[in-house]
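First to last, the protein sequences are chains Z and X. Quick note: the first sequence uses our numbering, first residue 187, plus one each step. Quick note: the second sequence uses our numbering, first residue 187, plus one each step. Backbone N, C-alpha and C define an ideal beta-carbon position, used for all residues, glycine too. Bear in mind the structure is a predicted one, so any value in this text is a computation, not a measurement. Structure first, commentary second.
Protein chains: 2
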Amino acid sequence: MTPAEKIFAIERFQSSDSAPLYLRLKKLVQDAIVADELKQGDSVPSERDVAELLQVSRVTVRKAFLELVSEGLLVQKRGSGTFVGNPKPRFEQPLSRLTSFSEDMRLRGLKTEAQWLSRETRLPTPEESLKLSMSPSEYVARFHRLRSANGEPLAIEDAVIPHKFLPDIKSVENSLYDALDANGFRPVRALQRLHAVALDAVEARLLDLKEGSPALFIERVSYLPDGRIVEYTRSHYRGDSYDFVAELNLAPEAKS
Amino acid sequence: MTPAEKIFAIERFQSSDSAPLYLRLKKLVQDAIVADELKQGDSVPSERDVAELLQVSRVTVRKAFLELVSEGLLVQKRGSGTFVGNPKPRFEQPLSRLTSFSEDMRLRGLKTEAQWLSRETRLPTPEESLKLSMSPSEYVARFHRLRSANGEPLAIEDAVIPHKFLPDIKSVENSLYDALDANGFRPVRALQRLHAVALDAVEARLLDLKEGSPALFIERVSYLPDGRIVEYTRSHYRGDSYDFVAELNLAPEAKS
DNA sequence: CCAATTTGGTATTGGTTTGGTATTGTTGTT
DNA sequence: AACAACAATACCAAACCAATACCAAATTGG
């Protein structure tokens, strides 16, 4: 018996409960998530498979899944499947702010400029497909720019957005998030990964530095409320002019 | 039977697993690397050869190889072939957790080592006085160490604590926060500032890198519940092995 | 040096799997 | 009797998987 068959066991589903079938299934999935039997990112059996396991129609399964999707517990993608979403940020308190470069600079009172290196609609690279969880045949909008503040180049930013969230790439003038917001697709959270790198010749020239100079490399994936990935951005921040500041709180589980 | 034929044996490839062919092949290669059957730099049979061995199309093999390439496990060169890459593990630290290096590594189940570079009580430098908001005539305890995980140097840490919070500097064996906790002075929050730097000759030698290699420089000031500053630490994390990860939430005030 | 060969790289197509929608029938409630 | 909720069947379309065919860089051998 596979884990999925265990979770979607007809015995769990059939109960003395007289609730409608779709509500019972909904609760079954909720309980499995709470019990950590289904974790974020896990794939859920297809609607047809669940329908067969539980001996109900696929539309009944669908109705249950749709409610879970609207609550962020599940994420669905036609042709791909159904996956457990991330309904709640892992940390109890927001510790860092999700802002775009423009907003960040504005908050600091700096005048920003952006030089377009590339702004185009094209197909994603395999790596971008993976990070964005999208089909390689689905178009993306790419915004590649050199960001400066007070006339000084500070960062190279390479953002990739699924085209469907930003049909008019010309609408992005300064703030990427403003443009996404205008289309009703503002991200609410993101996962960011960063480490130090040495700039290659091209990057160094753009940032007015020597090849090999240290830079902060940041890779970010951001999410809509319903769990869909809306942005994948890679940035290089020059090491000598850009500090990231974070205010931290004690991690409760770190108590020894 | 050559080693390659053994690795890419159709028996290993065919399994009861119902996963797509390309994912099975991907896993086969990953497993061979983990088992050290394929080592860094080894050449991998050509796509056509693997396709023939496993009786699938070359594009199916290609799809598996492309994902492995994007993850750094394989490297491809047209006309030359496919080789095992250098998938060195990268350590990750959540950027939003206030933990010491020891706790962080322990949470990951890694064996950590620390080599003392310096552990002494002395007067603070002017910079340290400023950061700690203390009198230059007040003693501090300094803990300067090279931190490693699994035998590999990862970070240089230079922590300064006002002496009054840590009278017995010998009590710090592994975790600085454990020792502070034992004295009732565990920090509850911190302000951290980070950017990329190039390692100088001394730092580079400690971390087994070339002078000028990129590193992440983190400066942290942490606070007791009553607002007193309890720690000022400067660390260098090598850029090639250490990722910081942050999960972010939308800043409400950033709405435009 | 150059043609042939080997290798990775790309475009296109068709079948299958998956989610998405429309419509219809049954049952309970008002 | 009318209506809403529940649950079904049937059909549509996006995405994935896997194939064939062709292109081009790099290597090899004469």
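Practice item. Could you name the residues of the same chain whose beta carbon sits closer than 8 Å to that of V242 (chain X), not counting the 5 residues immediately before and after it, in chain order? Key: L207 and L211
Review point. P411 (chain X): buried (16+ other C-beta within 10 angstroms of its C-beta) or exposed?
Key: exposed
**Study point:** Supposed close pair V326 (chain X), P353 (chain X) - CB separation, criterion 8 Å
**Key:** The pair is not a contact, with the Cβ atoms about 12 Å apart (cut-off 8 Å).
Exercise for review: Select from the stretch 376-402 of chain Z all residues with a C-beta closer than 8 Å to any C-beta belonging to chain X, and list them in chain order.
Suggested key: A376, L377, Q378, R379, L380, H381, A382, V383, A384, G398, S399, P400, A401 and L402
Review point. Does the count of Cβ pairs from the stretch 384-403 of chain Z and the stretch 395-407 of chain X closer than 8 Å reach three?
Key: yes
Check your understanding: Of the residues X:T268, X:T419, X:F199 and X:H381, which one's Cα is nearest the Cα of Q226 (chain X)?
Key -> X:T268
Practice item. Just the chain X side, please: which residues come within less than 7 Å of E313 (chain Z) by C-beta, in chain order? Key: S256
Check your understanding: Roughly how far, in whole angstroms, is the beta-carbon of P310 (chain Z) from the beta-carbon of M320 (chain Z), given that I think they are within contact range, below 8 Å?
Key -> 7 Å
Point to revise | Residue range of the unbroken alpha helix (DSSP H) whose run includes V358 (chain Z) | key: Taken as a continuous stretch (DSSP letters only), V358 (chain Z) belongs to no alpha helix (DSSP H), as it is neither H nor E.
Check your understanding: Does any CB atom of chain Z fall closer than 8 Å to the CB of F269 (chain X)?
Key -> no
Point to revise | Residues that T246 (chain X) bridges to, as DSSP identifies them | key: Note: T246 (chain X) sits in no beta bridge, so no partner.
Point to revise | N- and C-terminal bounds of the beta strand (DSSP E) containing Y409 (chain Z) | key: P400 to Y409
Exercise for review: In angstroms with no decimal places, state the Cα-to-Cα distance between Y423 (chain Z) and G258 (chain X).
Suggested key: 23 Å
Review point. Any residues in the stretch 308-332 of chain Z with a beta carbon nearer than 7 Å to a beta carbon of chain X? Which ones, in chain order?
Key: P312, E313 and L316
Practice item. Go ahead and label E343 (chain X) buried or exposed: buried means 16 or more other beta carbons lie within 10 angstroms of its beta carbon, across all protein chains shown. Key: buried
Practice item. For V416 (chain Z), count neighbouring Cβ atoms within 10 angstroms of its own Cβ and tell me buried if that reaches 16, exposed if not. Key: buried
Review point. Beta-carbon separation of V230 (chain Z) and L224 (chain Z) under 8 Å?
Key: yes
Exercise for review: Going by DSSP, name the residue or residues bridged to S304 (chain Z).
Suggested key: Z:H330
Check your understanding: Would you call S334 (chain X) buried or exposed, if buried means 16 or more other Cβ atoms sit within 10 Å of its Cβ?
Key -> buried
Check your understanding: Which one of X:L209, X:D203, X:V215 and X:D367 has the shortest CA to CA distance from K192 (chain X)?
Key -> X:V215
Review point. For V261 (chain Z), which residues from the same chain have a beta carbon less than 8 Å from its beta carbon, with the 5 sequence-adjacent residues on both sides left out?
Key: V255, T268, F269, V270, G271, D412, G413 and R414
**Study point:** Rounded separation between V346 (chain Z) and E324 (chain Z) - CA only
**Key:** 12 Å
Exercise for review: Provide the residue(s) that pair with T188 (chain Z) in DSSP beta bridges, ordered along the chain.
Suggested key: According to DSSP, which records beta bridges pairwise, T188 (chain Z) is partnered with nothing at all.
Exercise for review: For F351 (chain Z), I'd like the list of residues in its chain whose CB is within less than 7 Å of its CB, leaving aside the five on either flank, ordered along the chain.
Suggested key: L366, N369, F371 and V416
Check your understanding: What does a CB cutoff of less than 6 Å around L377 (chain X) pick up in its chain, not counting 5 residues either side in sequence?
Key -> V407
Check your understanding: Does the Cβ of E313 (chain X) lie closer than 7 Å to at least one heavy atom of the ligand MN?
Key -> What this structure holds is no ligand at all, so the ligand MN is not there to describe.
Review point. Does DSSP put D412 (chain X) in a helix, in a strand, or in coil?
Key: coil
Check your understanding: So, helix, strand or coil for A237 (chain X), using DSSP?
Key -> helix
Practice item. Excluding the 5 residues preceding and the 5 following F329 (chain Z) in the sequence, name in chain order all residues of the same chain whose CB lies nearer than 7 Å to its CB. Key: R305, A345, V358 and L362
Exercise for review: To the nearest angstrom, report how far apart T298 (chain Z) and S427 (chain Z) are at their CA atoms.
Suggested key: 14 Å
Check your understanding: Three-state secondary structure (DSSP) at F277 (chain Z)?
Key -> With a pLDDT of only 27 at F277 (chain Z), under the threshold of 50, the placement of this residue in the model should not be trusted, and no figure is reported.
Practice item. Kindly indicate which residue of X:E233, X:L340, X:D429 and X:L395 has the alpha-carbon position closest to the one of Q301 (chain X). Key: X:L340
Check your understanding: Are the Cβ atoms of V374 (chain X) and Y418 (chain X) separated by less than 8 Å?
Key -> no
Practice item. Determine the direct distance from the alpha carbon of G425 (chain X) to that of K356 (chain X), and round the result to whole angstroms. Key: 31 Å
Point to revise | Alpha carbon of L332 (chain Z) to alpha carbon of D364 (chain X), nearest angstrom | key: 44 Å
Exercise for review: Assign S421 (chain X) to buried or exposed, taking buried as 16 or more other Cβ atoms, counted over all protein chains shown, within 10 Å of its Cβ.
Suggested key: buried
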